[in-house]
Every structure is written in C-alpha cells, then in structure tokens.
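*Asks:* Quick one: structure below, then a few questions.
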DNA sequence: CGGGATCCCATATGATACTG
DNA sequence: CAGTATCATATGGGATCCCG
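This is the structure in structure tokens:
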C-alpha cells in the first residue's frame with residue numbers, strides 16, 4: 026500500500042515531510058525534460074522521434090530515460106506498433122493529463138514572465154558579518 | 026537585453042527552443058528543493074533555520090545554494106538584520122509570489138493524486154523487437 | 001545563527017556511434 | 001525508427017566540521 030506522510034493530525038500527503046513518496050513524484054516531474062516531455066504529449070500521442078524534435082537539444086538516451094521514468098510512475102504509456110519499421114507511440118494516461126495541467130501553467134508562467142527575471146551575475150555575499 | 030526564442034513567426038519565449046533562457050529558469054524552479062523553498066515563503070518571510078526545519082531533510086549547504094540561486098533570478102530577497110546573533114530573512118519578491126502559484130498547484134496536485142501514482146518497479150522492455 | 005569550506009559520491013546529462 | 005552502448009563531464013546533493 027501507499028505510504029502516507031501527513032504531518033501530525035491529518036493523514037494527507039505532505040511533500041514537506043522527509044519520507045513522503047510525493048517527493049519522488051515531484052522530482053520526477055521536475056526533471057530537466059519532464060515538463061517539456063509531458064507538454065509535448067498534451068495534444069495527442071506522439072512517436073519518439075517527434076518528441077525528440079520537439080524537445081530541442083535532448084539526446085536520445087536522455088529522452089528515453091525521461092520517458093521510461095514517467096511511464097513507471099504511470100504518467101504515460103508506451104505502445105509498440107508492429108510494423109516495418111517499428112513505431113512506438115507515447116501517450117499520456119489519465120494521470121498524465123492531470124499532471125500536465127500544473128506543468129503547463131508552470132511553463133506558461135515562465136514564458137510570460139521571462140522579462141521580469143533577473144539574469145545578472147552572482148550576488149556577492151561572503152560569510153555573514155558579525156555585529157560587535 | 027533579454028534573448029528571445031520564439032519559434033518562427035512570433036517573438037514570444039518558447040521553452041521548447043534550445044537556446045531559450047526560460048529553460049534556465051524552469052530548471053531553477055525545478056530543483057529538488059526549489060518548489061518547496063518557495064512554498065515555505067508563501068505566507069511570510071522566514072529565517073534560514075525556519076526554512077531548513079520546514080524542508081525536512083535538506084542540508085544547510087544545499088539549502089543555501091538553493092536560496093542563493095533563487096535570489097539570483099530575483100525570486101526572493103535575502104536580508105541581513107544586524108543583531109546578535111545575526112538574523113537573515115528570506116522573502117519572496119513580487120516575481121517570486123508569481124512563480125509560487127504554479128508551483129503550489131504542482132505540489133497540491135502531487136499531494137492529492139499520490140494514490141493514483143504507480144510505484145511498481147521497472148517496465149522491462151529491452152531492445153525494440155523487429156518485425157520480420 | 002547562518003552559513004562557509006571541504007571532501008565525496010551518485011547520478012543526471014551529454015555527444016557520438018552503432019544496431020535490431 | 002527507436003532506441004542501446006560507450007565514454008566523458010558536470011554538478012546536484014550530502015556529510016562533516018568550522019567560523020564570525
């Protein structure tokens with residue numbers, strides 16, 4: 026069964042708890058390519074190569090791992106279509122479509138707020154100064 | 026100025042583009058502790074130790090790096106309050122409060138859908154079979 | 001109290017080439 | 001087409017100890 030991790034009184038899941046399995050899920054969805062991959066499948070199922078072209082810069086190896094991980098959690102399905110050459114289709118599950126929503130909002134937020142983000146260099150700080 | 030990365034016709038930012046600076050931002054918000062850290066500051070500014078206690082399991086070094094990174098992008102501010110001992114307060118900026126929303130939705134989605142997530146092991150696959 | 005300095009490791013990510 | 005194999009690198013993350 027699923028481990029719960031509510032803090033104290035209520036039994037709900039709480040990603041702030043160290044042992045909450047939700048952390049794994051959050052990390053899976055937070056991978057460098059996860060949000061993009063899920064977004065690529067929002068409209069309709071897609072084949073490997075299509076996804077790879079969409080996520081500009083991803084290597085086949087990394088994309089494979091990303092997709093397999095998402096599949097393991099049940100966010101998407103991988104279907105091999107017998108044909109020559111073979112076709113493999115990735116499609117979001119019901120769960121995946123659910124996760125796709127907050128992820129899409131995150132992507133959209135980033136895109137629409139890019140101009141407010143600061144890209145300046147380091148904030149030099151050094152050791153915290155003591156007051157004498 | 027800010028680099029744009031719209032695909033083709035429109036000039037908007039597009040995180041699917043390889044050179045889009047939005048990718049950095051998305052990654053910054055996708056760090057293992059980023060979403061949790063920002064969430065910890067949603068209600069009100071907090072001190073380092075408080076945040077550390079909230080994010081169960083984070084080491085001081087990693088938390089420091091997480092916060093500094095978020096500060097660099099302008100998501101939060103770090104204020105040293107002259108006192109003995111020194112107090113350092115972290116507070117979300119306007120930008121940070123904006124980012125906090127989609128992140129909160131993501132956390133909430135994960136927490137409320139944990140029971141639907143599959144935690145079973147690997148999907149054994151092996152090399153894709155060829156059709157003869 | 002709020003970190004910095006170090007050391008260390010796992011693993012995520014990458015580039016490239018090759019194959020069923 | 002849809003990967004796997006290999007090699008290489010980075011760096012995020014962690015543990016510990018120390019400091020002003």
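Residue numbers (our numbering), protein chains in the order written: chain A, 26 to 157; chain B, 26 to 157. Ideal Cβ placement from N, Cα and C applies to all residues, glycine included.
For residue 57(B), return the contacting residues in chain A, with the cut-off set at a CB-CB distance below 9 angstroms.
*Replies:* Those within 9 angstroms of residue 57(B) in chain A are 48, 51, 52 and 55.
*Asks:* I'd like to know if residue 75(B) contacts chain A, where contact means its C-beta is closer than 8 angstroms to some C-beta of that chain.
*Replies:* Not one chain A Cβ lies under 8 angstroms of residue 75(B).
*Asks:* Going by alpha carbons, who is nearest to residue 119(B) out of 54(B), 110(B), 101(B) and 106(B)?
*Replies:* Out of 54(B), 110(B), 101(B) and 106(B), 101(B) has the C-alpha closest to the C-alpha of residue 119(B).
*Asks:* With H, G and I counted as helix, E and B as strand and the rest as coil, what does DSSP make of residue 112(A)?
*Replies:* In the structure shown, residue 112(A) sits in a strand (DSSP, three-state: E or B).
*Asks:* Got a sec, what are the start and stop residues for the beta strand (DSSP E) residue 44(B) sits in?
*Replies:* Premise fails: residue 44(B) is in no beta strand (DSSP E) and is neither H nor E.
*Asks:* The beta strand (DSSP E) with residue 143(B) in it runs from where to where?
*Replies:* Residue 143(B) -> no beta strand (DSSP E), and no H or E assigned at all.
*Asks:* From this set, 112(A), 30(A) and 138(A), which residue's C-alpha is nearest residue 45(A)'s C-alpha?
*Replies:* The residue with the shortest Cα to Cα distance from residue 45(A) is 30(A).
*Asks:* Which residues of chain B have a Cβ atom closer than 7 angstroms to the Cβ of residue 95(A), listed in chain order?
*Replies:* Result: empty, since nearest Cβ-Cβ is about 11 angstroms, beyond 7 angstroms.
*Asks:* With a threshold of 16 other CB atoms inside 10 Å of the CB of residue 69(A), please say whether the residue is buried or exposed.
*Replies:* Exposed: under 16 other Cβ atoms inside 10 Å.
*Asks:* Counting Cβ pairs, one atom from each stretch, are 3 or more of them under 8 angstroms apart for the region 130-143 of chain A and the region 93-109 of chain A?
*Replies:* No: the two stretches stay apart, fewer than three of their Cβ pairs being nearer than 8 angstroms.
*Asks:* Is the shortest distance between the beta-carbon of residue 82(B) and the beta-carbons of chain A less than 8 angstroms?
*Replies:* Yes, contact with chain A.
*Asks:* Does DSSP classify residue 102(B) as helix, strand or coil?
*Replies:* Of the three classes helix, strand and coil, the one that applies to residue 102(B) here is strand, per DSSP.
*Asks:* May I have the straight-line CA-CA distance separating residue 74(B) from residue 123(B), to the nearest angstrom?
*Replies:* Each residue's alpha carbon lies about 24 angstroms from the other.
*Asks:* Quick check on DSSP: helix, strand or coil for residue 71(A)?
*Replies:* Reduced to three states, the DSSP call for residue 71(A) is strand.
*Asks:* For the ligand GDP, I want to know if residue 121(A) counts as a neighbour, meaning its beta carbon is within less than 7 angstroms of at least one of the ligand's heavy atoms.
*Replies:* The ligand GDP is not part of this structure, which contains no ligands at all.
*Asks:* Could you confirm whether any beta carbon from chain A is found closer than 8 angstroms to the beta carbon of residue 143(B)?
*Replies:* By this cut-off, residue 143(B) is an interface position.
*Asks:* Is it buried or exposed for residue 111(A), if we count other Cβ within 10 angstroms and need 16 for buried?
*Replies:* Residue 111(A) is exposed by the Cβ-count criterion.
*Asks:* Run through the DSSP bridge pairs and tell me what residue 117(B) is partnered with.
*Replies:* In the DSSP output, where bridge partners are listed per residue, residue 117(B) has 101(B).
*Asks:* Please report the Cβ distance between residue 51(A) and residue 132(B), rounded to the nearest whole angstrom; I am assuming they are in contact, meaning their Cβ atoms lie under 8 angstroms.
*Replies:* Right, their Cβ atoms sit about 7 angstroms apart.
*Asks:* Can you list, in chain order, the residues of its chain whose CB lies under 7 angstroms from that of residue 77(B), leaving out five sequence neighbours each side?
*Replies:* Closer than 7 angstroms at Cβ, skipping near neighbours: 83, 85 and 88.
*Asks:* Since residue 113(B) contacts residue 61(A) with CB under 8 angstroms, what's their CB separation in whole angstroms?
*Replies:* At roughly 35 angstroms, the Cβ-Cβ gap does not stay under 8 angstroms, so residue 113(B) and residue 61(A) are not in contact.
*Asks:* Between residue 109(A) and residue 134(A), what straight-line distance do the alpha-carbon atoms span, to the nearest angstrom?
*Replies:* Their backbone Cα atoms lie some 42 angstroms apart in a straight line.
*Asks:* Check whether the Cβ atoms of residue 95(A) and residue 59(A) sit closer than 8 angstroms, and answer yes or no.
*Replies:* Closer than 8 angstroms, so yes.
*Asks:* If I follow the unbroken alpha helix (DSSP H) through residue 66(A), where does it start and stop?
*Replies:* No alpha helix (DSSP H) holds residue 66(A); DSSP gives it neither H nor E.
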